[in-house]
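From first to last, the protein sequence lines are chains A and B.
Start counting the first sequence at 61; every next residue gets the next number (our numbering).
Start counting the second sequence at 61; every next residue gets the next number (our numbering).
Number of protein chains: 2
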Amino acid sequence: MALQDSLEILGGKWKLLIVHYLAQRTAEENTFKNMQRGIPGISAKMLSKELKDLELNLMVSKEQPGLKTSTASYSITTYGKKVMPVTDVLINWGLQHRLMIKENG
Amino acid sequence: MALQDSLEILGGKWKLLIVHYLAQRTAEENTFKNMQRGIPGISAKMLSKELKDLELNLMVSKEQPGLKTSTASYSITTYGKKVMPVTDVLINWGLQHRLMIKENG
DNA sequence: GGCACTGGTAACCTTGAGGTTACCACTAAG
DNA sequence: CTTAGTGGTAACCTCAAGGTTACCAGTGCC
Numbered sequence: 061m062a063l064q065d066s067l068e069i070l071g072g073k074w075k076l077l078i079v080h081y082l083a084q085r086t087a088e089e090n091t092f093k094n095m096q097r098g099i100p101g102i103s104a105k106m107l108s109k110e111l112k113d114l115e116l117n118l119m120v121s122k123e124q125p126g127l128k129t130s131t132a133s134y135s136i137t138t139y140g141k142k143v144m145p146v147t148d149v150l151i152n153w154g155l156q157h158r159l160m161i162k163e164n165g
Numbered sequence: 061m062a063l064q065d066s067l068e069i070l071g072g073k074w075k076l077l078i079v080h081y082l083a084q085r086t087a088e089e090n091t092f093k094n095m096q097r098g099i100p101g102i103s104a105k106m107l108s109k110e111l112k113d114l115e116l117n118l119m120v121s122k123e124q125p126g127l128k129t130s131t132a133s134y135s136i137t138t139y140g141k142k143v144m145p146v147t148d149v150l151i152n153w154g155l156q157h158r159l160m161i162k163e164n165g
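Given below as structure tokens:
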């Protein structure tokens, strides 16, 4: 079932958050430390691991223009942009749900 | 952030699968054992637990017409139907991703 | 009575996602 | 030289999600 596939690939605490973060900024902004600061709560280990997973799945690409490691940056690929409907719909749902809790609360 | 909220509430291995399952059938079909058989891999424990979570979040309702426990069944609520866009978009993405993997081989 | 089904629950165990700490190499600024 | 920043990695630990097994009560059939 396709739903199960998607949940396996995009599941977990961080992947969608990372993709969404990258989708909103330019490559130059997306340095490792910037991302770490911009995604509250994520550890270097998880960020590193998830970025590798996302690279493997062709959703994120890493650029390192020179030899300096300190110039590395990340950006979302064209293919990666295809998960944006997923994050969008989840964000909408989250907002709706918050409202509903308030009204009902 | 709304995205994090959504991931917390809908996250995990089973919730979206259950909601999607329920959304496709009538209440009468949705007995506990039927669901267990229809959602491959789920255990009674998880099904029971997740159904309770979903009831708490007002997405699923349990009906038990008589006193007999054996007549219990589950159905998705109007509110629960609002997560259908999420499952739909994930299913589409999953199908696309499968295609892309094949092409890219 | 005995067997099979239903709707579950309680107790226990395993596994891996995720967190924490420490560490490395390189660059730039003071 | 020292301090602070960058981009990470390795090793270890924890905890909860999820799985497994056993069990219970009720209904129906033969």
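Even glycine gets a Cβ: it sits at the ideal position worked out from N, Cα and C.
Cβ pair count under 8 Å reaching 3, the stretch 63-71 of chain B against the stretch 98-106 of chain B: no
Sequence ranges, alpha helix (DSSP H) only - wholly within the stretch 75-144 of chain A, length at least 4: 75-83, 92-98, 104-116
Which bits of chain A does Arg-97 of chain B rub up against, with CB to CB less than 8 Å? Your numbering for residue 97 of chain B matches position 37 in the second sequence. Here the premise fails: no neighbours, minimum Cβ distance about 15 Å.
Helix, strand or coil at Gly-154 of chain A [DSSP, three-state]: By 1-based counting over the first sequence, the position of residue 154 of chain A is 94. Three-state DSSP puts Gly-154 of chain A in a helix.
Which residues, in order along the stretch 126-140 of chain B, keep a beta-carbon less than 8 Å from a beta-carbon of chain A? Tyr-139
Lys-73 of chain A, DSSP secondary structure in three states: Locating residue 73 of chain A in the first sequence gives position 13, where the first residue counts as 1. It is coil, neither helix nor strand.
Any beta-carbon of chain A closer than 8 Å to the one on Ile-151 of chain B? As a first step, residue 151 of chain B must be located in the second sequence, where it is residue number 91. So yes, Ile-151 of chain B belongs to the interface.
Taking all protein chains shown into account, decide if Pro-161 of chain A is buried (16 or more other Cβ within 10 angstroms of its Cβ) or exposed. Taking the first sequence and counting its residues from 1, the one referred to as residue 161 of chain A is at position 101. According to the sequence as given, residue 161 of chain A is Ile; it is not Pro. It is exposed - the Cβ of Ile-161 of chain A has fewer than 16 other Cβ atoms within 10 Å.
Nearest neighbour of Gln-124 of chain B, chosen from B:Thr-91, B:Thr-147, B:Gly-154 [CA to CA]: For the purposes of this step, residue 124 of chain B is taken as the residue at position 64 of the second sequence. With distances taken between Cα atoms, Gln-124 of chain B lies closest to B:Thr-91.
Does any CB atom of chain A fall closer than 8 Å to the CB of Gly-165 of chain B? Along the second sequence, read from residue 1 onward, the residue named residue 165 of chain B stands at position 105. So no, Gly-165 of chain B is outside the interface.
Identify, in the order they occur along the chain, each residue of the same chain with its Cβ nearer than 7 Å to the Cβ of Ala-104 of chain B, setting aside the five sequence neighbours on each side. Here residue 104 of chain B is taken as the residue at index 44 of the second sequence, counted from 1. Contacts found: Gln-96.
Within its chain, find whatever has a CB closer than 7 Å to the CB of Leu-82 of chain A; leave out the 5 residues flanking it on each side and keep chain order. Stepping through the first sequence from its first residue, residue 82 of chain A is reached at position 22. Same-chain partners within the cutoff: Asn-90, Val-120, Tyr-134, Ser-135, Ile-136.
Under 8 Å Cβ to Cβ from Leu-76 of chain A, same chain only, skipping five residues before and after it: list those, please. In the first sequence, the residue the question calls residue 76 of chain A occupies position 16. The beta carbon of Leu-76 of chain A lies closer than 8 Å to those of Leu-70, Val-143, Val-146, Thr-147, Leu-150 in the same chain, with the five residues before and after it left out.
Just verifying my parser: in three-state terms, what is the DSSP assignment at Met-61 of chain A? In the first sequence, counting from the first residue as 1, residue 61 of chain A sits at position 1. Three-state DSSP puts Met-61 of chain A in coil, outside helix and strand.
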